[in-house]
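>
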Amino acid sequence: MARLLDFVLGLLLPALVLLHVFVSPYTKVEESFNIQATHDILEFGIPFENVSAILDNLFDHVSFPGSVPRTFVGALILSGISKPFTAFLSSPDHVQIAVRAVLGLINAAALWSVRGAVDIAYGRTAGRWYLLLQASQFHVIYYASRTLPNMFAFVLTNLALRNLILVKAMNAKSAQSAKRRRLALYLLTVAGVIFRSEIAILLAAETVLLFVQYRASITKEIIPAGLFGAGLGLLTTVSVDSFFWQQFPLWPELTGFYYNTILGKSSEWGTEPFFFYFVNAFPRLLMNPMTYLVCIPGALAIRTTQKASQSILIPHLVFITVYSFLPHKEWRFIVYSVPAFTAVAAAIPAWIWTRRTKSTAYRLANLAMIGSTILSFAASLLILYISSLNYPGGEALARLHALADAKTNLNIYMDNLACQTGVSRFQQLHPSWIYDKTENETKLLDPMFWQQFDYVLSEHPETVVGSWQPIEIVSAYAGITLRPEDEVDVLPLPYGLSSPLSIKLRDMYNSVALTARERFTKGCWPAVKMSPRIYILKKEDPILPVQKVV
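Letter by letter, the sequence shown follows residues 910 to 1459 in the numbering used here.
(1) Among M1439, M1060, G1375, whose alpha-carbon lies nearest the alpha-carbon of E1449?
(2) Beta-carbon within less than 6 Å of V1459's beta-carbon, same chain only, minus the 5 sequence neighbours each way: which residues are those?
(3) When DSSP labels each residue in this structure, what does V1459 get in the three-state scheme?
(4) Do you know offhand how far A946's Cα is from M1278's?
(5) With a cut-off of 8 Å, do at least 3 Cβ pairs link the segment 1216–1224 to the segment 1002–1014?
(6) Looking at S961 and S1297, is the spacing between their C-beta atoms short of 8 Å?
(7) Beta carbon of T1056, beta carbon of L1012: below 8 Å?
(8) Output needed for R912: all residues of its chain with C-beta closer than 6 Å, excluding positions within five of it in sequence on either side, in chain order.
(9) What residue does the alpha helix (DSSP H) around A1093 start on, and which one ends it?
(10) Select from Y1300, G1101, V1397 the residue whose C-alpha is nearest the C-alpha of Y874.
(11) Does the contact criterion of 3 or more C-beta pairs under 8 Å hold for the segment 1205–1213 versus the segment 1268–1275?
(12) Spell out the partners DSSP gives E1381 in its beta bridges.
(13) Please specify which runs of the beta strand (DSSP E), each continuous and at least 3 residues long, are wholly inside the segment 1235–1268, giving them in chain order.
(14) Note down the Cα distance separating I1443 from Y1095, rounded to an integer number of angstroms.
(15) Taking DSSP as the reference, what is the three-state secondary structure of M1199?
(16) Below 6 Å CB to CB, which residues in the same chain sit around L922 once its five sequence neighbours on both sides are set aside?
(17) When the Cα of A1255 is compared with those of L1195, P1058, T1351, which residue comes out closest?
(18) Evaluate R1193 with the Cβ neighbour count: other Cβ atoms within 10 Å of its Cβ, from every protein chain shown; 16 or more gives buried, anything less gives exposed.
(19) Are the Cβ atoms of F1358 and I1321 separated by less than 8 Å?
(20) Specify the secondary structure class of W1434 as computed by DSSP and reduced to three states.
(21) Judging by CA-CA distance, which residue of W1178, I1171, L1092, Q1155 is the nearest neighbour of F1137?
(22) Looking at the structure shown, is N966 part of a helix, part of a strand, or coil, going by DSSP?
(23) Considering M1357, what are the terminal residues of the alpha helix (DSSP H) in which it resides?
(24) Who are the near neighbours of P1133 in its chain, counting only those whose CB is closer than 7 Å to its CB and skipping five residues on each side?
(25) Got a sec? Which residues, its chain only, sit under 6 Å from A1078 by beta carbon, not counting five neighbours each side?
(26) Is N959 buried or exposed, if buried means 16 or more other CB atoms sit within 10 Å of its CB?
(27) Closest to W1377 by CA distance: which of P1236, L1338, I1445, F1429 is it?
(28) What is the DSSP secondary structure of N1320, counted as helix, strand or coil?
(29) Quick check on F1234: buried or exposed, where buried means 16 or more other Cβ atoms within 10 Å of its Cβ?
(30) Only counting the same chain, and skipping five residues up and downstream in sequence, which positions put a Cβ closer than 6 Å to that of I1257?
(31) Am I right that E1181 and K1238 are in contact with their C-beta atoms under 8 Å? What's the rounded C-beta distance?
(32) Going by other Cβ atoms of all chains shown within 10 Å of its Cβ, with 16 needed for buried, is N1462 buried or exposed?
(33) How far does the beta strand (DSSP E) with I1343 in it extend, from its first residue to its last?
(34) Can you give me the start and stop residues for the beta strand (DSSP E) that Y1364 sits inside?
(35) For A1315 and A924, what's the separation of their Cα atoms in angstroms?
(36) Should D1150 and L1143 be called a contact, given that it needs their Cβ atoms to be closer than 8 Å?
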């Protein structure tokens, strides 16, 4: 029975990651660089002749470079791993799903690897609870397959975490522990050099703790790990990114750090108060209130779990505290700490579970833990459903592909919102169509610019110059209401679910909801509000003047 349970729990993370990929298949602007870069490498390969000309003419990052260069390393690795799986797919949008699935499964494997360390630190029951708690957290599962640079780094930070937990739970003086310390510091160094510079803070905090508490050798562990990790990371990123950006030498993370931190440009994207990560971001990331209100404090207080829990969490608390001094804050900047807090939290439900037969208090605590986890799963799936309705750009382009003739030569314009909410090069299905996403404001005011297009995807149709006919409107999530309008679709389908079975189930639910509203609830029923976001416009044929017959 225990083996069957472990087998099922082992499938939980990858199964949920794949579910999230299929229900919400489109990408947003934060993922844009890496998803476009992955497409271009898969589609055009790595040029070895006429490099500048090929990059300039075919690769997206040349036309849309962004504020600072970003690394191609993640996209290059992902495209290489994905190539065998995508070779059998004929449709580019299916290739995007496959690419995201590959990244998601790699992250699921890295998260699963932490479970083995939790087993040793707190026991097998804690390892099972770790998987349950981790799987019920929306953000980690939803974004595990998304091509943010943070999620490429996430693989390495979780592998480092596995080794660090093992070090802190076992004999620190053994040769095996020394190897694990070196490997963990090496992985964090590589992640920081190539993908996300903020990991340097976590690396520094872990290094100090390993030196002070576990007597890590400076000459045999810390310096070799740092030099080897920095050397390999720099060699990789400078060579790869100098090639693709045609600038030498180029270290994107250093450029980004200088631009965002030294020059303070990141604040232009918004600022948050100092305690944002602790009082806002982390409760949302951990999802289950029992995790941060009961489990983590309990693990730090109970003598049997205290030492290991403190050693695991102190570097992450230092990392989050130091990073809180940067005014611009986003949850993804601290996502690397979520598995560490989840691992520590897992110790308490396991501790309660083993004592559930001893008293009524333990039985109630056990039921509360189980109930809160079930509710977290339910809330996470609800947020998945809502999130899937926030990609009107991708859905609008998919509908246009269904409406227009694939074999006709057409020119399509996609505005800023469409490109930010789902449109990627993987969605550009028809070779005979030309897809344009010009942002130049001067061109957008020129009537001649618009003459070249047959269809336009636009958030604001009134700004499109010329005579255009709206042929379809794509809506997106706009909130929840308890008093939906008559005949409204109270449960719109996610963009990724359009099978006949899904449509039938949706129609059955809407029918039941309509009957309940009419007979029992006086018109009240929870419903999802949708508001128009992207208009699909078709150019109207000019009306020719009627010739008089003389």
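No residue lacks a Cβ here, since even glycine has one placed at the ideal position from N, Cα and C.
Let me lay it out:
(1) Nearest neighbour of E1449 by Cα position, chosen from M1439, M1060, G1375, turns out to be G1375.
(2) Note that V1459 scores a pLDDT of 47, beneath 50, so its modelled location is shaky; the value from the coordinates is reported in the next line. For V1459, where only same-chain residues beyond five positions count, there are no Cβ hits under 6 Å.
(3) Unreliable placement is indicated for V1459, whose pLDDT of 47 sits below 50; the coordinate value is still reported in the next sentence. Note: V1459 maps to coil in three-state DSSP.
(4) Whole-angstrom Cα-Cα distance: 43 Å.
(5) Taking 8 Å as the limit for Cβ pairs, the verdict is that the segment 1002–1014 does not touch the segment 1216–1224.
(6) Going by beta carbons, S1297 and S961 fall outside the 8 Å limit.
(7) Their beta carbons are under 8 Å apart, which means T1056 touches L1012 by this criterion.
(8) Taking C-beta separations shorter than 6 Å and ignoring five residues to either side along the sequence, R912 has no partners in its chain.
(9) Counting along the chain, the alpha helix (DSSP H) containing A1093 begins and ends at 1084–1103.
(10) With the chain covering only 910 through 1459, there is no way to say anything about residue 874.
(11) In the pairwise beta carbon analysis, the segment 1205–1213 is classified as not touching the segment 1268–1275: fewer than three pairs are separated by under 8 Å.
(12) Residue pairing from DSSP places E1381 in a beta bridge opposite I1445.
(13) With a minimum length of 3 residues, no continuous beta strand (DSSP E) run stays inside the segment 1235–1268.
(14) Taking the Cα positions, I1443 is about 46 Å away from Y1095.
(15) Three-state result, M1199: helix.
(16) When the five nearest sequence neighbours on each side are left out, the beta carbons in the same chain lying within less than 6 Å of the beta carbon of L922 are those of A1017, L1020, W1021, A1044, in order along the chain.
(17) Comparing alpha-carbon positions, the option among L1195, P1058, T1351 lying closest to A1255 turns out to be L1195.
(18) Classification of R1193: exposed, given that the 10 Å Cβ count is below 16.
(19) With a cutoff of 8 Å on beta-carbon distance, F1358 and I1321 are scored as not near each other.
(20) In this structure, DSSP gives W1434 a state outside helix and strand, which the three-state scheme calls coil.
(21) Closest option to F1137, Cα to Cα, is L1092.
(22) In this structure, N966 counts as helix in the three-state DSSP scheme.
(23) Unbroken alpha helix (DSSP H) run through M1357: 1356–1359.
(24) Correct list, in chain order: R1091.
(25) Counting only Cβ-Cβ distances below 6 Å, and skipping sequence neighbours, we find I1029, A1030, A1217.
(26) Around the beta-carbon of N959, fewer than 16 other beta-carbon atoms lie within 10 Å, marking it exposed.
(27) The alpha carbon of W1377 has as its nearest neighbour, out of P1236, L1338, I1445, F1429, the alpha carbon of I1445.
(28) Looking at N1320 - three-state DSSP - the assignment turns out to be strand.
(29) So F1234 counts as exposed.
(30) Once the five neighbours on either side are set aside, the close Cβ partners of I1257 are C1204, G1207, A1208.
(31) Taking 8 Å as the upper bound for CB-CB distance, E1181 and K1238 are in contact here, some 4 Å apart.
(32) This structure does not reach residue 1462, given that the chain is present from 910 up to 1459, and the question cannot be answered.
(33) Residues 1342–1345.
(34) Element bounds for Y1364: 1364–1367.
(35) In a straight line, the C-alpha of A1315 is about 34 Å away from that of A924.
(36) No. Outside cutoff.
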